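Structure first, commentary second.
Residue numbers (the numbering used here): -19 to 807.
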């Protein structure tokens, strides 16, 4: 990929199309390429040090002192890496003062990267003074205390869209909607302003700074300080969570000591595989669209219907309100309502440990009841629980049936019917509703954390700030449904996630990346005129299986059938050396290649010394034997291709994993069939001429040391650690040596231990399980999955993020079939 194409693609990934008004800094050819090739952006002009007026590439030139007149939201610096700092020094502080985002073309926040000066720092009036020019901006406050109240009360003319808070994730505070990360993105927030004491702003910056930077949201305190500047806030170390001391035995003891046990439902007895409850509505919108029912904003409409009707509505009332809003027919209303129930059922899973504790309470003879804030009525909830084999309770108290929440009067209804001087223990996940309000009504309470809450107190908390859409959130949701299904999984933890077995390693760490890669491969080959997609051995073994699942799941994509193609560097070199040029080419790539073994001849004794020294003369002296052997190898190779239905008249897509392009290089020399090459990652650093090989890669990686646009790296933990993954993404057969006279494969001797192969198969099963759940239950077609989220999940296998149990471990080795060398790979 050329630097221009790479930089344009990088820009598009880092700056998703939005309403933001963008100015490009710089007038070079890369700016021209971005303007012409990046469609759908609101480019308002070009800023440049030397040019002050006129037009550049059809856009007006904006002088620095005129920037504010153009209501610019973001300035993107289109410059080589070493020049970005100079641009920051030139306009960085101006952007900070005027509340304009300043980013590199790679999406990096230049204020965060280079800012070193503290700005002078008093609630409502101070805010007004510092943000007087931002009344049109969409603002969220962080904090719900007196400072936030003062800002809201005294600044009604500002566009304050909601409040973020560390503990509250939903509801209303100070008359404003509580916003979680996803709601901040949905409402297109421009600036988050911390409305807290100075002592807390460092912790807030640490908590949400990466989220703001990644999503191009400005982060200031109410005094006007940019909290993304490196020295604007002091580093704050948050101590270990008290929840790390909460274990199952504590809850068992309390169950034993009480007469009545009550349970919350969602995130207590059951949990969703989605990250957020409202992600169900995104999935529904996709299902509706596949059935020809188009509501492009279904999620927003569904939320509006719930919030704008009667208090504590049930599902019927929500859909009656939705019908009024949209004008849909009675039959369509009922169809979509049933779809919601069906979708909820499919994404729900039991929290096994809590269900086990409910059964424990039953065995002890305790009365067991359910108390839940929910819009699904008791009849629907009972059916859902039965489908999950949860039946060990007597009465159910649901907010929509009693028209009151736990924080209002639901506990009072329960107490009126049941208590009679009996001791009651309530178990739920909300510190406020299940904890504080249970206690206010005379119950004892034991608060557990939801999986999402547990994630947020671990070393992987930042992953949530990187998810930009439902597909990326669902990738995380599946992982935490596995990691934190047990609410006591963090007991005696140090904040790192616990990978307890090989299946969890495959499911949580490896599967998301392989899933994203497989979907990319499908998107790259859909509706193309390929006869087949060829997944090259051995890296393509499991990907071939996943691709077939994808092909069956989205028939409308018209994906070509696939084939696991036996291939190895050793075989294709041996079948593609026919001329002096081929000979030299093969020698330059693999001077230690065993030509006698691979081309099936015995060299004269006189040349053995030359062979041992690896001289090219040894190849030249035996070139006729090499050519003859290569012709034979090629004949056998073509017999194999014929058996597999691969024809010289066909057009194919060929997939390899992380590669230097070796197989493609020699396959093109061989010319047995026409193909386009696809890679997870393509490297050309060792063989510069291979840069010319035509290909498409999922992850572009330029490893040259130079001040070029290609050195703006996208997320690349996968590339840094691909060798481990390459030894898992393989088959249970050894490397291919050649084909016999009947076109049957001849394999090398197996170099792996039986334990390594068993380990690989367990990983494969976990990856397949994750992929099937994701594709069939959660994936929304047409919403791009960035490399960032699956790449970061893969990175979480490192010691700073995870504690991997010995039972999940396996000593792995990589084997170089060309040089006959074994290399150990550490887990």
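Backbone N, C-alpha and C define an ideal beta-carbon position, used for all residues, glycine too. If you're wondering where the values come from, they're calculated on a predicted model, not measured in any experiment.
Assign residue 727 to buried or exposed, taking buried as 16 or more other Cβ atoms, counted over all protein chains shown, within 10 Å of its Cβ.
exposed
Of all the options 232, 388, 10, 783, which has the alpha carbon lying nearest to the alpha carbon of residue 416?
388
Cβ-based burial, residue 616 [other Cβ within 10 Å; buried from 16]
buried
Secondary structure of residue 725, DSSP reduced to three states:
strand
Bridge partners for residue 631 per DSSP, in chain order?
654
Going by Cα to Cα distance, which pick from 775, 764, 561, 624 is closest to residue 696?
775
For residue 413, which of 201, 37, 427 has the nearest alpha-carbon?
427
Assign residue 733 to buried or exposed, taking buried as 16 or more other Cβ atoms, counted over all protein chains shown, within 10 Å of its Cβ.
exposed
Name the DSSP bridge partner or partners of residue 23?
2
Since I believe residue 468 is in contact with residue 333 (beta carbons under 8 angstroms), could you give me their beta-carbon distance rounded to a whole number of angstroms?
6 angstroms
Going by C-alpha distance, which of 437, 658, 259 is nearest residue 677?
658
Ordered along the chain, which non-local residues of its own chain (more than five positions away) have a Cβ less than 6 angstroms from that of residue 770?
492, 493, 496
Residue interval of the beta strand (DSSP E) (run including residue 542):
542 to 545
Bridge partners for residue 404 per DSSP, in chain order?
240
What is the DSSP secondary structure of residue 639, reduced to helix, strand or coil?
strand
Run the CB neighbour count on residue 753, radius 10 Å, all protein chains shown included, and call it buried at 16 or more, exposed below.
buried
Are the stretch 23 to 30 and the stretch 112 to 125 in contact at 8 angstroms, needing three or more beta carbon pairs?
no
Does residue 457 pass the burial test, meaning 16 or more other C-beta atoms within 10 Å, or should it be called exposed?
buried
Beta-carbon spacing of residue 448, residue 165 below 8 angstroms
yes
Residue 500, DSSP secondary structure in three states
helix
Identify which residue in 790, 19, 702 has its Cα closest to the Cα of residue 741.
790
Top-ranked residue by Cα proximity to residue 519, from 422, 636, 746, 399
636
Assigned secondary structure, residue 488 (DSSP; H/G/I helix, E/B strand, else coil):
helix
Which residue wins for smallest C-alpha separation from residue 556, given the options 405, 653, 208, 404?
653
Report all residues from its chain with a CB closer than 8 angstroms to the CB of residue 847; omit the five preceding and five following residues, and keep chain order.
Any property of residue 847 remains undetermined from this structure, which presents the chain solely from -19 to 807.
CA-CA distance, residue 504 and residue 537?
11 angstroms
Suppose the cutoff is 8 angstroms on Cβ atoms and the five residues either side in sequence are ignored; what does the same chain contact list for residue 650 look like?
552, 555, 556, 614, 617
Cα-Cα separation, residue 309 to residue 274:
14 angstroms
So, residue 190 versus residue 260, is the Cβ gap smaller than 8 angstroms?
no
If you run the structure through DSSP and keep just helix, strand and coil, what is residue 273?
coil
In angstroms with no decimal places, state the Cα-to-Cα distance between residue 462 and residue 242.
25 angstroms
Through-space distance from residue 287 to residue 466, alpha-carbon basis
32 angstroms
Determine the direct distance from the alpha carbon of residue 777 to that of residue 819, and round the result to whole angstroms.
Residue 819 cannot be examined here, being either before or after the span of the chain that is shown, -19 to 807.
Quick check on residue 614 - is its C-beta less than 8 angstroms from some C-beta in chain D?
Given the protein chain composition of this structure (a single chain), no chain D is represented.
What does the alpha-carbon distance come out to for the pair residue 161 and residue 454?
14 angstroms
First and last residue of the uninterrupted alpha helix (DSSP H) at residue 151:
Here residue 151 belongs to no alpha helix (DSSP H), and DSSP marks it neither H nor E.
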